[in-house]
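Visitor: Encoded as structure tokens, here's the structure I'll be asking about.
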Amino acid sequence: MTAAAARDPQIERARAWAILLVVAAHALMAYMRTPIAWALREAPGVLVFDGLVWIIHSFAMPAFCLLAGAAARQTLAAHGPRAFLRRRARRLVLPFALWVVPNSLLLAALWRHGAALQGAREVTADAAAIQHTADPISLGHLWFLYYLITYSALAAALWSWPLARRAVLACSWSRTGATLATAAPVALLLLFTQQTEITTPQRLWPSPQVWLFHALFFAAGFIARPAGPPGPARPAADGDGSGGGAQQAGLAAWRGREGWLLLAGSAALFAGLVPVLSARPAAMPAPASVATALLMSATSAGVLLVQPRAPAPRALQLLADRSYQLYLFHLPVVVALQLALLSLGWPALVKPALVTAATLALCLGALQLGSWLSRCWRRARSA
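The working numbering applies: residue -9 is where the sequence shown begins, and numbers increase by one.
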């Protein structure tokens, strides 16, 4: 089976939507009502953007970890631990080692420029880390790669242990079941921290709470039974094929409805959380932490379930194929565009959309140009 044929269309679509939402969330952060550790803030901000960013933050990175766990299992099953580690070293360790320092310096310069443009302002702990007043370098958005490297190493070690490998292969949980099962441990973690979200880590020393939180979703993707590529409909008992096709279509429709029900439940949970989130208490009430855990798990599972099993359209597939590179390079572009638009008196509803579209266009264009130049170089050398 080719790599393209082995791809799960639902995972491909979910990966595309996840990276799109991550870029959009970062584009919204400069225009929120609530002050956060960002390079700039355009007052007075739009309160709706606060809710959108919170919702995206609550499930986008858990979803990425879920997808990374599923991909790790697939690669380990197909190629073994050594090949898996070689691939992860090339795809995770090398880019992180090469980009973390330039990215940190670039973000620090952008944050200083934003502070200079807007004058003195409160600097929170995260902003201080980005400005190099806490550590020699800060992770920025590359914290995800940093933590994913440790999860990948742990997954390879477990796969090398026959007993653990057999236990994973024998697991009959679906992705939906495994994802929903994260709600209980996530709730315990949020109750321990008395929060409704996990902060973004900036320091090189890993945060135990952040590491464990994302490890739970990586593990859910890792142990869950693969859905497998979509295949032809099974023939019915009478041989005309209609019954089997109808049964598969009905199952797909039910899963889609199940996904929308989960997302509707997440929306109801968020509506109940709005008063608590607006009050911003120092310690979140226990019911709010539990509701957040349910929302995170239900949204992550629902987003996967509502994706059709058909191959993704070309635009979505391009986002899925380039999601990793987009994640690597998008944040400095987003912040630079936000700073460039700061002096323009355009409506706050326009700027985030423009920043998102321009970031995707610039990054995808540069990546496509790089691929074309690489192909030209290889052809020239082989000629």
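Using N, Cα and C, we set each Cβ at its ideal position, and we do this for glycine too.
These numbers were taken from a predicted model, which means no experiment stands behind them.
If contact is defined by three or more beta carbon pairs under 8 Å, each pair taking one atom from either stretch, is the region 84 to 93 in contact with the region 156 to 176?
Guide: no
Visitor: Check this for me: beta carbons of Ala145 and Ala171, under 8 Å apart or not?
Guide: Along the sequence shown, read from residue 1 onward, the residue named residue 145 stands at position 155. Along the sequence shown, read from residue 1 onward, the residue named residue 171 stands at position 181. No, the Cβ-Cβ distance between Ala145 and Ala171 is not below 8 Å.
Visitor: Identify every residue that forms a DSSP beta bridge with Val36.
Guide: Residue 36 sits at position 46 when you count from the first residue of the sequence shown. Paired residues: Met22.
Visitor: If Ala283 sits next to Ala177, beta carbons under 8 Å apart, how far is it from one beta carbon to the other, in whole angstroms?
Guide: Against the sequence shown, residue 283 aligns to sequence position 293. Against the sequence shown, residue 177 aligns to sequence position 187. Rounded, the Cβ-Cβ distance is 4 Å, consistent with contact.
Visitor: Pick out whichever of Ala33, Ala6, Ala8, Pro196 has its Cα sitting closest to the Cα of Met19.
Guide: The residue labelled residue 19 in the question sits at position 29 within the sequence shown. Checked all of Ala33, Ala6, Ala8, Pro196; the closest Cα to Met19 is Ala33.
Visitor: Pick out whichever of Arg365, Leu96, Arg63, Ala58 has its Cα sitting closest to the Cα of Leu135.
Guide: Here residue 135 refers to the residue found at position 145 when the sequence shown is read from its first residue. Ranking the options by Cα distance to Leu135, first place goes to Ala58.
Visitor: Tell me the DSSP secondary structure of Met286 in three-state form.
Guide: The residue labelled residue 286 in the question sits at position 296 within the sequence shown. In this structure, Met286 counts as helix in the three-state DSSP scheme.
Visitor: Does the Cβ-Cβ distance between Ala17 and Gly104 come in under 8 Å?
Guide: Numbered from its first residue, the sequence shown carries residue 17 at position 27. Numbered from its first residue, the sequence shown carries residue 104 at position 114. No, Cβ-Cβ distance for Ala17 and Gly104 is not below 8 Å.
Visitor: Give, in chain order, every unbroken run of the alpha helix (DSSP H) that is at least 4 residues long and sits entirely within the region 159 to 224.
Guide: Counting only runs of 4 or more, we get 165 to 171, 173 to 183, 198 to 213.
Visitor: With distances taken Cα to Cα, identify the nearest neighbour of Ala168 among Ser287, Gln328, Leu321, Val325.
Guide: To locate residue 168, count along the sequence shown from 1; it is residue 178. The candidate whose alpha carbon is nearest that of Ala168 is Ser287.
Visitor: For Ala87, which option in Ser48, Trp133, Arg23 has the closest C-alpha, if you only look at C-alpha atoms?
Guide: By one-based count along the sequence shown, residue 87 stands at place 97. Checking every option, the nearest Cα to that of Ala87 belongs to Trp133.
Visitor: Determine, using beta carbons only, whether Pro322 and Leu96 come nearer to each other than 8 Å.
Guide: Locating residue 322 in the sequence shown gives position 332, counting from the first residue. Locating residue 96 in the sequence shown gives position 106, counting from the first residue. Their beta carbons are under 8 Å apart, which means Pro322 touches Leu96 by this criterion.
Visitor: Check this for me: beta carbons of Ser313 and Ala6, under 8 Å apart or not?
Guide: On the sequence shown, residue 313 is found 323 positions in, with the first residue counted as 1. On the sequence shown, residue 6 is found 16 positions in, with the first residue counted as 1. It is a contact, given that the beta carbons lie within the stated cut-off.
Visitor: What residues in its chain sit with their C-beta under 8 Å from that of Leu363, if we drop five residues either side in the sequence?
Guide: Locating residue 363 in the sequence shown gives position 373, where the first residue counts as 1. Correct list: empty, nothing qualifies.
Visitor: Ends of the alpha helix (DSSP H) at Arg(-3)?
Guide: The residue given as residue -3 occupies position 7 in the sequence shown. Unbroken run through Arg(-3): none, as it is neither H nor E.
Visitor: Using a 10 Å radius around the Cβ and a threshold of 16 neighbouring Cβ atoms, would you call His69 buried or exposed?
Guide: Counting from one through the sequence shown, the residue named residue 69 turns up at place 79. His69 should be labelled exposed.
Visitor: Locate the alpha helix (DSSP H) running through Pro85, then write down its first and last residues.
Guide: Looking up residue 85 in the sequence shown gives position 95. Counting along the chain, the alpha helix (DSSP H) containing Pro85 begins and ends at 84 to 108.
Visitor: Does the distance from the C-beta atom of Leu148 to that of Leu82 stay below 8 Å?
Guide: Reading the sequence shown from its first residue, position 158 is the one you call residue 148. Reading the sequence shown from its first residue, position 92 is the one you call residue 82. Going by C-beta atoms, Leu148 is not nearer than 8 Å to Leu82.
Visitor: Which residues in the same chain as Gly229 place their Cβ atom closer than 7 Å to its Cβ, once the five residues preceding and following it in sequence are excluded?
Guide: Indexing the sequence shown from 1 puts residue 229 at position 239. Confidence at Gly229 is low in this model, with a pLDDT of 47, below 50, so the placement of that residue should be treated as unreliable; the coordinate-derived value is given next. Closer than 7 Å at Cβ, skipping near neighbours: no residue.
Visitor: Let's see if you can read the secondary structure: which residues bound the alpha helix (DSSP H) around Ser364?
Guide: Position 374 of the sequence shown holds residue 364. Note, Ser364: alpha helix (DSSP H), 340 to 372.
Visitor: Quick check on this structure: which residue in Arg(-3), Ala67, Ser197 has the alpha carbon closest to the alpha carbon of Thr140?
Guide: Counting from one through the sequence shown, the residue named residue 140 turns up at place 150. Among Arg(-3), Ala67, Ser197, the Cα nearest to that of Thr140 is on Ser197.
Visitor: Can you round the beta-carbon distance between Gln192 and Ser128 to whole angstroms, since I take them to be within the 8 Å contact cut?
Guide: Locating residue 192 in the sequence shown gives position 202, counting from the first residue. Locating residue 128 in the sequence shown gives position 138, counting from the first residue. About 5 Å; that satisfies the 8 Å criterion.
Visitor: Which full runs of the beta strand (DSSP E) of 3+ residues lie inside the region 301 to 342, going along the chain?
Guide: none
Visitor: Just checking Arg247 against the ligand ADP - is the residue's beta carbon closer than 7 Å to any of the ligand's heavy atoms?
Guide: With respect to small molecules bound, the structure shown includes none, and the ligand ADP cannot be examined in it.
Visitor: Among residues of its own chain, excluding the 5 on either side of Pro175, which ones have a beta-carbon nearer than 6 Å to its beta-carbon?
Guide: Taking the first residue of the sequence shown as position 1, residue 175 is located at position 185. Excluding sequence neighbours, Pro175 sits near Leu206.
Visitor: What residue range does the alpha helix (DSSP H) around Ile127 cover?
Guide: By one-based count along the sequence shown, residue 127 stands at place 137. Segment: none, Ile127 is in no alpha helix (DSSP H) and carries neither H nor E.
Visitor: Is it buried or exposed, Leu180, if we count other Cβ atoms within 10 angstroms and call 16 or more buried?
Guide: What you label residue 180 is simply residue 190 of the sequence shown in a count that begins at 1. With 16 or more Cβ atoms within 10 Å of its Cβ, Leu180 is classed as buried.
Visitor: Tell me which residues share the same chain as Leu331 and place their Cβ nearer than 6 Å to its Cβ, disregarding the 5 neighbours each side in the sequence.
Guide: Along the sequence shown, read from residue 1 onward, the residue named residue 331 stands at position 341. If we look at Leu331 and ignore the five residues flanking it on each side, its Cβ neighbours are Lys341.
Visitor: Please name the residue in Pro271, Ala272, Ala278, Leu84 whose C-alpha comes closest to that of Ala258.
Guide: As a working note, residue 258 is residue 268 in the sequence shown. For Ala258, the nearest C-alpha among the options comes from Ala278.
Visitor: Shortest alpha-carbon distance to Ala61 belongs to which of Ile1, Ser48, Gly35?
Guide: Here the question's residue 61 lines up with position 71 in the sequence shown. Here the closest residue by C-alpha is Ile1.
Visitor: Count the other CB atoms, across all protein chains shown, that sit within 10 Å of the CB of Cys55; report buried if there are 16 or more and exposed otherwise.
Guide: If you number the sequence shown from 1, residue 55 lands on position 65. Burial call: buried.
Visitor: Leaving out five residues on either side along the sequence, give the residues of the same chain with a beta carbon under 7 Å from the beta carbon of Leu75.
Guide: The residue given as residue 75 occupies position 85 in the sequence shown. Here the set comprises Ala146.
Visitor: Alpha carbon to alpha carbon, how far is Leu37 from Pro298? Give it in angstroms, no decimals.
Guide: Against the sequence shown, residue 298 aligns to sequence position 308. Against the sequence shown, residue 37 aligns to sequence position 47. Cα-Cα distance, rounded: 32 Å.
Visitor: In its own chain, which residues sit with a C-beta less than 6 Å from the C-beta of Leu359, not counting the 5 before and 5 after it?
Guide: Taking the sequence shown and counting its residues from 1, the one referred to as residue 359 is at position 369. Here the set comprises nothing.
Visitor: My guess is that Val13 and His320 are in contact by the Cβ rule of under 8 Å, so how many angstroms apart are they, rounded?
Guide: Position 23 of the sequence shown, counted from the start, is the residue given in the question as residue 13. Position 330 of the sequence shown, counted from the start, is the residue given in the question as residue 320. With 8 Å as the limit, Val13 and His320 qualify as a contact, their Cβ atoms being about 5 Å apart.
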